[in-house]
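Trainee: What follows is a single structure, and I will ask about it in a moment.
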Amino acid sequence: MALVPGDAYRIMLVEDHPMILFGLAHLLQAEPDLDVVGQATTADVARRLVQTTDPDLIVLPVRLGDRVAGIELCRHLKSSTTAKALVYTSFTDPEDVQAAVLAGADGLVGKAATPEDLLSAIRSIRRGQRIWLPGPRADQRAGAALLDHPRLTEREREVLRLMLDRLTNQQIAEALTVEITTVKSHVRSLLRKLGMESRRDLFDAQP
Numbered sequence: 001m002a003l004v005p006g007d008a009y010r011i012m013l014v015e016d017h018p019m020i021l022f023g024l025a026h027l028l029q030a031e032p033d034l035d036v037v038g039q040a041t042t043a044d045v046a047r048r049l050v051q052t053t054d055p056d057l058i059v060l061p062v063r064l065g066d067r068v069a070g071i072e073l074c075r076h077l078k079s080s081t082t083a084k085a086l087v088y089t090s091f092t093d094p095e096d097v098q099a100a101v102l103a104g105a106d107g108l109v110g111k112a113a114t115p116e117d118l119l120s121a122i123r124s125i126r127r128g129q130r131i132w133l134p135g136p137r138a139d140q141r142a143g144a145a146l147l148d149h150p151r152l153t154e155r156e157r158e159v160l161r162l163m164l165d166r167l168t169n170q171q172i173a174e175a176l177t178v179e180i181t182t183v184k185s186h187v188r189s190l191l192r193k194l195g196m197e198s199r200r201d202l203f204d205a206q207p
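FYI, the UniProt record's numbering numbers position 71 of the sequence shown as 71, with every residue one higher than the one before it.
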C-alpha cells in the first residue's frame with residue numbers, strides 16, 4: 001500500500017562514530033516508510049536539532065565519546081519532547097539495559113543485531129510497542145534454550161529476556177509499560193513452564 005505523503009516515520013540519529021552514522025542513515029533512508037530528518041554527533045547538537053526537526057523517534061547510543069552521555073541525553077529528551085527513544089548500542093550489559101529503562105527509553109537494540117532486527121524494532125516502537133534486543137552476550141546465549149521453550153508465549157519470552165538482564169519486576173513493568181502485577185503473573189507462569197521455583201533457579205541454570 002502506498003504511503004500517504006508526510007506519513008513516513010520521522011527519525012533523528014545521534015551517533016559519534018561517522019561510519020556508523022552514515023550506515024544507519026543509508027539503511028533507514030532506503031525504507032519508504034522511514035525518513036531521517038536529522039543527524040547529530042554530540043549531545044549538544046542533538047538538543048538543538050530536536051527543536052527544529054520534530055522527530056517521531058530518536059535513535060541514540062548509551063555512550064557519546066567516553067561518557068555515558070547517551071543515557072543522560074535520552075532522559076533529557078524524553079522529559080522535554082514527545083519523541084520516542086531507541087537506544088542503539090554496543091554496550092549491552094545488564095547495567096546498561098537498566099540505565100536505558102530508567103532513562104525512559106522505548107527500546108534497546110544491540111549493535112550486533114541484524115539490519116532487519118533494527119528495522120523491525122523501529123516499526124514495533126512506531127506501533128506503540130517496546131522492544132529490548134540487547135544482543136548475544138555470553139549469558140544470553142546460555143539462556144537461548146530457555147527462550148526457545150515451546151510453551152512460552154511471546155510476552156513471557158520478552159519478560160524472560162529482561163529477567164536474564166537482571167531487571168527487577170518493577171523495571172520490567174516500566175520497560176513493557178504494564179502493571180507490576182502483570183509482570184509477576186508472567187514470571188510465575190514462565191518459571192512454572194521452565195520447571196523452576198524462583199529467579200535463583202533461573203540464574204543457577206546459567207554456566
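Cβ atoms here follow ideal geometry from the backbone N, Cα and C, with glycine treated the same way.
1. Under a Cβ-count criterion, where at least 16 other Cβ atoms within 10 Å of its own Cβ denotes burial, should residue 106 be classed as buried or exposed?
2. Within its chain, find whatever has a CB closer than 6 Å to the CB of residue 43; leave out the 5 residues flanking it on each side and keep chain order.
3. Between which residues of its own chain and residue 75 is the CB-CB distance below 7 Å, once the five residues before and five after are set aside?
4. Quick one: grab the DSSP three-state call for residue 163.
5. On the three-state DSSP scale, how would you describe residue 111?
6. Can you give me the Cβ contacts of residue 180 inside the same chain, cut-off strictly under 7 Å, excluding the 5 residues immediately before and after it?
7. Could you check whether residue 83 and residue 109 sit closer than 8 Å to each other, using their CB atoms as the reference points?
8. What is the DSSP secondary structure of residue 152, reduced to helix, strand or coil?
9. Just confirm the distance between the C-beta atoms of residue 37 and residue 67, as a whole number of angstroms; I'd bet it's less than 8 Å.
10. Given residue 184, which residues of its chain have a CB within under 8 Å of its CB, disregarding the five upstream and five downstream residues?
11. According to DSSP, is residue 138 part of a helix, a strand, or is it coil?
12. On the DSSP letters alone, give me the boundaries of the beta strand (DSSP E) that residue 59 sits inside.
Mentor: Taking the geometry as given:
1. Here residue 106 is buried: its Cβ has 16 or more other Cβ atoms, across all protein chains shown, within 10 Å.
2. These residues qualify, in order along the chain: 64, 69, 73.
3. Take residue 75, set aside five residues on each side of it, and the residues of its chain with a beta-carbon closer than 7 Å to its own are 103, 104, in chain order.
4. The answer is helix: DSSP assigns residue 163 an H, G or I state.
5. Annotated three-state conformation of residue 111 is coil, per DSSP.
6. Counting only Cβ-Cβ distances below 7 Å, and skipping sequence neighbours, we find 169, 170, 173.
7. The answer is no: Cβ separation not under 8 Å.
8. Three-state DSSP puts residue 152 in coil, outside helix and strand.
9. Separation of the CB atoms of residue 37 and residue 67 is rounded to 26 Å, and the pair is thereby denied contact status at 8 Å.
10. Excluding positions up to five away in sequence, the list reads 169.
11. Any answer about residue 138 is weak, because its pLDDT of 42 lies below 50 and its placement is not dependable; what the coordinates show is given next. Reduced to three states, the DSSP call for residue 138 is helix.
12. Annotation: the continuous beta strand (DSSP E) that includes residue 59 extends over 57-60.
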